[in-house]
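Numbering (this note's numbering), first residue to last: 50 to 588.
Where is the CB? At the ideal position from N, CA and C, for every residue including glycine.
All remarks here apply to the structure that follows.
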Amino acid sequence: MLRVFNDTARYVDQGGGKRKGAFAVYLEPWHADIFEFLDLRKNHGKEEHRARDLFYALWVPDLFMQRVQNNGEWSLFCPNEAPGLADCWGDEFENLYKKYEREGKAKKVVPAQTLWFDILKPQIETGTPYMLYKDTCNRKSNQQNLGTIKSSNLCTEIIEFTSPTETAVCNLASIALPRFVREKGVPLESHPSKLVGSSDSKNRYFDFEKLAEVTSTVTYNLNKIIDINYYPVETAKRSNMRHRPIGIGVQGLADTFVLLGMPFDSPEAQQLNKDIFETIYYHSLKVSAELAAKEGPYETYEGSPVSKGILQPDMWNVVPSNRWNWPSLRETISKVGVRNTLLVAPMPTASTSQILGNNECFEPYTSNIYSRRVLSGEFVVVNKHLLHDLTEMGIWTPTLKNQIIYEDGSVQKMAEIPDDLKAIYKTVWEMKQKTLVDMAVDRGCYIDQSQNLNVHMEQPNFGKLTSLHFHAWSKGLKTGMYYLRTRAAADAIKFTVDTTLLKENGVATGKPAEDDVEAKMAQMVCSLNNREECLACGS
50 MLRVFNDTAR
60 YVDQGGGKRK
70 GAFAVYLEPW
80 HADIFEFLDL
90 RKNHGKEEHR
100 ARDLFYALWV
110 PDLFMQRVQN
120 NGEWSLFCPN
130 EAPGLADCWG
140 DEFENLYKKY
150 EREGKAKKVV
160 PAQTLWFDIL
170 KPQIETGTPY
180 MLYKDTCNRK
190 SNQQNLGTIK
200 SSNLCTEIIE
210 FTSPTETAVC
220 NLASIALPRF
230 VREKGVPLES
240 HPSKLVGSSD
250 SKNRYFDFEK
260 LAEVTSTVTY
270 NLNKIIDINY
280 YPVETAKRSN
290 MRHRPIGIGV
300 QGLADTFVLL
310 GMPFDSPEAQ
320 QLNKDIFETI
330 YYHSLKVSAE
340 LAAKEGPYET
350 YEGSPVSKGI
360 LQPDMWNVVP
370 SNRWNWPSLR
380 ETISKVGVRN
390 TLLVAPMPTA
400 STSQILGNNE
410 CFEPYTSNIY
420 SRRVLSGEFV
430 VVNKHLLHDL
440 TEMGIWTPTL
450 KNQIIYEDGS
460 VQKMAEIPDD
470 LKAIYKTVWE
480 MKQKTLVDMA
490 VDRGCYIDQS
500 QNLNVHMEQP
510 NFGKLTSLHF
520 HAWSKGLKTG
530 MYYLRTRAAA
540 DAIKFTVDTT
550 LLKENGVATG
560 KPAEDDVEAK
570 MAQMVCSLNN
580 REECLACGS
């Protein structure tokens, strides 16, 4: 059947082939076909056993992670012979799963770490399957009163209930964060339309009041869209009208940090990250309550966590800051309810961030010079902030440009560039992934859907990846990994580099790749036993 979906995705497109169709297929790891499922996107193997145009994701229960951690056995079931496992979560799932184990209904029993090993292999080879944690997604959802949520979407940020009679809909908008960086003492009407670079960062601040205002407007507008939109199928209209979920995201978080002179992984940036998402969640919730006062709460409000006074930070055991009046908002909600079941869902912003000239969503820069392929051609893009700062300092030269290209967009080895700028313009490859996961956790308590969290590892191995997955799961993330981004083992020839402008560069050769299965298993087991000390957290 997946081959049929694969060919459908190739056939159905938008704009005469300009944008292909896309399917994301979710499977829980207890399914008897899990090993075949994990091979479907691999680059080798029989073509009839592959469906490479689909996207794959795992909907992982806590019990599986615990069995991997404890080196236990894992049972695989046919959903027809062991029904109901996909329809429950938490203790109910665990009790039913163990009941089927006792009854001997398993089609196959394997060491949990063997299956885990087979999950990591395609992730390193193809970047997928995505990792989402079923119990966390349901436990921290305001839709848990509707039933069990069984999957996310193609981009892993939408966590919504579906059923045979309801098709979940995502109503999305992204907020361009760099536009809220202001210059001190400059009236709003005289403010430049767009700031660039970090050179004047000491005279700048982040305007939370304006972010609150724009978030409120976005929330009103998305509610209006739900009311007047065209729905191609009745099941989508029914779902949208009953639950009224919206998803507010962001773009340009990395640009915002640069404009304020903050390295992406600095304590100041980590605090601003939290403050931004607290502001977005608070004010979308506030407007949703105002709309509920006028038009009534959404149809399925009664019985939801919010109807019981439980907001997203409560589900994470986090106490919000005193920046906004949370006690007053809670009191208002207790009286009038809210108009929307869900509010915040930071999505990938690949297209819209290009239009507005921002870096994607909440991600760090992957490079300071890169090529961008669009429908009209391929273009070389330079980090405009870096270009501005180096030009202001008078050190931007053709030689420096060639050096940055030669270093794959990194500025860390440039002697001419001051250390404070090197810190600000670190790429994602030069940051600890543990720090980026922790920042995702920090904003996660203000995200009532989920977030598309990419993981970047230059040279991933089984130990690093295992440690990162378990860190994300134990910290309570809903989406543990969207794509695993890696770099090619060998450098491409850089035809655009003028080597006559470069000094002699000694190129270090890497160690040969480890192909030994036992060594890879040892890495994985070591990282499970020593998660805090593992090198993965320095990746």
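Residue i, DSSP secondary structure in three states
i, result
"T528", "strand"
"C160", "Per the sequence shown, the amino acid found at residue 160 is Pro instead of Cys. In this structure, P160 counts as strand in the three-state DSSP scheme."
"Q533", "The amino acid at residue 533 is misidentified as Gln; the sequence shows Leu. Strand at L533."
"Y75", "strand"
"Y254", "strand"
"S356", "helix"
"G458", "coil"
"Q63", "strand"
"F210", "coil"
"W138", "coil"
"I418", "strand"
"E465", "coil"
"S247", "coil"
"F411", "coil"
"F113", "helix"
"E215", "strand"
"H98", "helix"
"V267", "helix"
"V393", "strand"
"H93", "coil"
"V504", "strand"
"H80", "strand"
"S242", "coil"
"G559", "Confidence in G559 is poor, its pLDDT being 41 and thus under 50, which makes the residue's placement too unreliable to answer from."
"P171", "helix"
"K189", "coil"
Residue span of the beta strand (DSSP E) that contains residue i, given as start and end
i, result
"I496", "That residue, I496, is in no beta strand (DSSP E); it is neither H nor E in DSSP."
"F104", "104–109"
"V430", "426–431"
"V230", "230–232"
"S201", "Here S201 belongs to no beta strand (DSSP E), and DSSP marks it neither H nor E."
Cut-off 7 Å between Cβ atoms - residues of its own chain near residue i, not counting five sequence neighbours on either side
i, result
"F210", "Q192, L195, G196, I198, A217"
"V367", "C494"
"K292", "In the sequence on display, residue 292 carries His and not Lys. The residues are Q192, Y347, T349, T390."
"E465", "I444, L449"
Per DSSP, cross-strand counterpart(s) of residue i
i, result
"A222", "I297"
"L181", "W108, T528"
"R68", "Q63"
"V423", "G426"
"W478", "Paired residues: none, contrary to the question."
"L195", "L195 pairs with nothing; no bridge assigned."
First and last residue of the uninterrupted alpha helix (DSSP H) at residue i
i, result
"W375", "375–385"
"M364", "361–364"
"R290", "For clarity, residue 290 is Met in the given sequence; the question names Arg instead. Start and end: 283–292."
"V307", "302–308"
"W445", "Neither: W445 is in no alpha helix (DSSP H) and is coded neither H nor E."
"L340", "316–344"
"S124", "It is not in any alpha helix (DSSP H) - S124 instead sits in the beta strand (DSSP E) that spans 122–125."
"H520", "511–523"
"A399", "399–405"
"D88", "83–88"
Buried versus exposed, by CB contacts within 10 Å (16 or more), residue i
i, result
"G352", "exposed"
"I359", "exposed"
"C186", "buried"
"V61", "exposed"
"E283", "exposed"
"V263", "buried"
"Y105", "buried"
"G176", "buried"
"N451", "buried"
"Q482", "buried"
"G529", "buried"
Beta-carbon contacts of residue i that lie in its chain and below 8 Å, excluding the five residues immediately before and after
i, result
"Y419", "V429, V430, G458"
"G525", "T185, K189, W365, V490, G493"
"P561", "Per-residue confidence for P561 stands at a pLDDT of 40, beneath the threshold of 50, marking its modelled position as unreliable; no derived number is given."
"L134", "E77, W79, F126, P128, F142, L145, Y146, Y149"
"H240", "R231, E232"
"Q461", "K471, K475, E479"
Neighbourhood of residue i by C-beta distance below 6 Å, restricted to the same chain and skipping five residues each side
i, result
"R101", "R90"
"A557", "With a pLDDT of 40 at A557, under the threshold of 50, the predicted position of this residue should be treated as unreliable, though the coordinate-derived value follows. Nothing listed; no residue qualifies."
"M311", "E317, A318"
"N503", "Y531, Y532, R534"
"P354", "N191"
Neighbour flag for residue i against chain D, beta carbons, 8 Å
i, result
"K335", "The displayed structure is made up of one protein chain only, and chain D is not part of it."
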